[in-house]
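Below: the structure, in C-alpha coordinates.
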Amino acid sequence: MKSVAALVIAFGASAAFSPANATAPACYSYNGTGYCQYNGRVTAAYINSNGEILLFFDSPMPASAPTSVGISGVTVYSSAIYRMTDNPDYGKALYSTLLAAQARGATIAAQLWGVTGGYMKIDRIWIYE
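Residue numbers (numbering that gives the first Met the number 0): 0 to 128.
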(Lines of atoms letter the chains of each structure in order from A and count residues from 1; the text may use other names and numbers.)
(Lines give C-alpha, C1' and ligand atoms only; values in the text may rest on other atoms or scores of the structure.)
Protein backbone atom coordinates (compact mmCIF):
# COMPACT_ATOMS: atom_id res chain seq x y z
CA MET A 1 0.00 0.00 0.00
CA LYS A 2 0.94 3.63 0.01
CA SER A 3 2.39 3.43 3.59
CA VAL A 4 1.96 6.72 5.43
CA ALA A 5 -0.68 8.07 3.08
CA ALA A 6 -2.70 4.86 3.47
CA LEU A 7 -2.51 5.08 7.26
CA VAL A 8 -3.63 8.70 7.27
CA ILE A 9 -6.55 7.88 4.99
CA ALA A 10 -7.43 4.78 7.05
CA PHE A 11 -7.58 6.76 10.29
CA GLY A 12 -9.50 9.54 8.60
CA ALA A 13 -12.05 7.12 7.19
CA SER A 14 -12.63 5.36 10.49
CA ALA A 15 -12.83 8.61 12.43
CA ALA A 16 -15.28 10.25 10.01
CA PHE A 17 -17.46 7.17 9.53
CA SER A 18 -20.90 6.93 11.10
CA PRO A 19 -22.48 3.48 10.56
CA ALA A 20 -25.96 4.83 11.26
CA ASN A 21 -25.81 7.09 8.20
CA ALA A 22 -25.58 4.95 5.07
CA THR A 23 -25.59 7.31 2.11
CA ALA A 24 -24.55 7.58 -1.48
CA PRO A 25 -20.79 7.71 -2.00
CA ALA A 26 -19.20 11.08 -1.35
CA CYS A 27 -15.99 12.35 -2.93
CA TYR A 28 -12.99 14.05 -1.38
CA SER A 29 -9.53 15.28 -2.26
CA TYR A 30 -6.37 13.95 -0.62
CA ASN A 31 -3.09 15.67 -1.50
CA GLY A 32 -4.64 16.91 -4.72
CA THR A 33 -5.97 13.49 -5.77
CA GLY A 34 -9.69 12.82 -5.83
CA TYR A 35 -11.30 9.70 -4.39
CA CYS A 36 -14.78 8.65 -3.33
CA GLN A 37 -16.01 6.67 -0.35
CA TYR A 38 -19.11 4.55 0.18
CA ASN A 39 -20.38 4.02 3.73
CA GLY A 40 -23.23 1.54 3.92
CA ARG A 41 -24.36 -2.04 3.75
CA VAL A 42 -23.53 -4.61 1.09
CA THR A 43 -26.99 -5.02 -0.37
CA ALA A 44 -25.64 -6.67 -3.51
CA ALA A 45 -22.27 -7.92 -4.70
CA TYR A 46 -21.67 -9.44 -8.13
CA ILE A 47 -18.87 -11.36 -9.83
CA ASN A 48 -18.74 -12.64 -13.38
CA SER A 49 -16.58 -15.08 -15.34
CA ASN A 50 -14.40 -12.19 -16.52
CA GLY A 51 -13.34 -11.62 -12.91
CA GLU A 52 -15.21 -8.34 -12.49
CA ILE A 53 -16.52 -7.70 -8.97
CA LEU A 54 -19.24 -5.11 -8.49
CA LEU A 55 -20.33 -3.54 -5.22
CA PHE A 56 -23.76 -1.90 -5.47
CA PHE A 57 -24.49 1.21 -3.39
CA ASP A 58 -27.63 1.82 -1.30
CA SER A 59 -28.11 5.03 -3.30
CA PRO A 60 -26.33 6.15 -6.47
CA MET A 61 -23.73 8.86 -6.11
CA PRO A 62 -24.56 12.20 -7.67
CA ALA A 63 -23.01 12.54 -11.12
CA SER A 64 -21.40 15.80 -9.98
CA ALA A 65 -19.56 14.20 -7.03
CA PRO A 66 -16.55 12.70 -8.87
CA THR A 67 -16.04 15.71 -11.12
CA SER A 68 -16.11 18.01 -8.07
CA VAL A 69 -12.75 16.51 -7.01
CA GLY A 70 -11.26 16.22 -10.49
CA ILE A 71 -12.24 12.64 -11.32
CA SER A 72 -13.35 12.20 -14.94
CA GLY A 73 -14.66 9.25 -16.92
CA VAL A 74 -17.26 8.02 -14.42
CA THR A 75 -20.46 6.95 -16.18
CA VAL A 76 -21.80 4.38 -13.67
CA TYR A 77 -23.02 5.89 -10.39
CA SER A 78 -24.82 2.93 -8.78
CA SER A 79 -21.86 0.59 -8.23
CA ALA A 80 -18.06 0.29 -8.10
CA ILE A 81 -15.79 -2.31 -9.69
CA TYR A 82 -12.68 -4.34 -9.03
CA ARG A 83 -11.09 -6.37 -11.82
CA MET A 84 -9.44 -9.50 -10.47
CA THR A 85 -6.81 -9.37 -13.21
CA ASP A 86 -5.33 -6.33 -11.38
CA ASN A 87 -4.45 -8.49 -8.35
CA PRO A 88 -6.17 -11.91 -8.12
CA ASP A 89 -5.33 -12.47 -4.44
CA TYR A 90 -6.78 -9.11 -3.44
CA GLY A 91 -9.82 -9.75 -5.65
CA LYS A 92 -10.54 -13.05 -3.88
CA ALA A 93 -10.11 -11.45 -0.47
CA LEU A 94 -12.30 -8.49 -1.48
CA TYR A 95 -15.15 -10.66 -2.73
CA SER A 96 -15.08 -12.91 0.34
CA THR A 97 -15.05 -9.80 2.54
CA LEU A 98 -18.06 -8.37 0.72
CA LEU A 99 -19.95 -11.65 1.13
CA ALA A 100 -19.06 -11.89 4.83
CA ALA A 101 -20.20 -8.31 5.42
CA GLN A 102 -23.41 -8.99 3.55
CA ALA A 103 -24.10 -12.19 5.51
CA ARG A 104 -23.54 -10.39 8.83
CA GLY A 105 -25.44 -7.29 7.83
CA ALA A 106 -22.31 -5.31 8.68
CA THR A 107 -21.71 -1.76 7.56
CA ILE A 108 -18.67 -1.13 5.38
CA ALA A 109 -16.59 1.78 4.20
CA ALA A 110 -15.11 1.28 0.73
CA GLN A 111 -12.70 3.74 -0.80
CA LEU A 112 -12.81 4.17 -4.55
CA TRP A 113 -9.66 5.42 -6.29
CA GLY A 114 -9.47 5.68 -10.07
CA VAL A 115 -11.85 4.81 -12.88
CA THR A 116 -12.13 1.56 -14.85
CA GLY A 117 -14.61 1.22 -17.70
CA GLY A 118 -16.77 4.07 -16.36
CA TYR A 119 -16.88 2.63 -12.82
CA MET A 120 -15.06 3.96 -9.78
CA LYS A 121 -12.46 1.33 -8.78
CA ILE A 122 -12.62 -0.31 -5.34
CA ASP A 123 -9.25 0.16 -3.63
CA ARG A 124 -9.79 -0.70 0.04
CA ILE A 125 -12.53 -1.68 2.47
CA TRP A 126 -13.33 -1.53 6.17
CA ILE A 127 -15.98 -3.59 7.96
CA TYR A 128 -17.86 -2.30 11.00
CA GLU A 129 -20.38 -3.91 13.31
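We treat Cβ as the ideally placed atom computed from N, Cα and C, and that holds for glycine.
Being a predicted model, the structure only gives us computed values, none of them experimental.
Nearest candidate by alpha-carbon position, reference residue i, set the options
i: residue 81; options: 37, 42, 50, 38; result: 50
i: residue 100; options: 116, 124, 90; result: 124
i: residue 64; options: 85, 88, 28; result: 28
i: residue 32; options: 59, 85, 110; result: 110
i: residue 69; options: 22, 126, 114; result: 114
i: residue 85; options: 108, 75, 52, 95; result: 52
i: residue 72; options: 120, 22, 128, 23; result: 120
One or two residues paired with residue i in a DSSP bridge
i: residue 103; result: Beta-bridge pairing links residue 103 to no other residue.
i: residue 108; result: 38, 125
i: residue 115; result: 118
Within 8 Å, strictly: CB atoms of residue i and residue j
i: residue 44; j: residue 98; result: yes
i: residue 61; j: residue 77; result: no
i: residue 56; j: residue 37; result: yes
i: residue 46; j: residue 94; result: yes
i: residue 105; j: residue 128; result: yes
i: residue 41; j: residue 54; result: yes
Span of the beta strand (DSSP E) around residue i
i: residue 77; result: Segment: none, residue 77 is in no beta strand (DSSP E) and carries neither H nor E.
Fill in: Length-filtered (4 minimum) alpha helix (DSSP H) runs lying within the stretch 20-74
63-67
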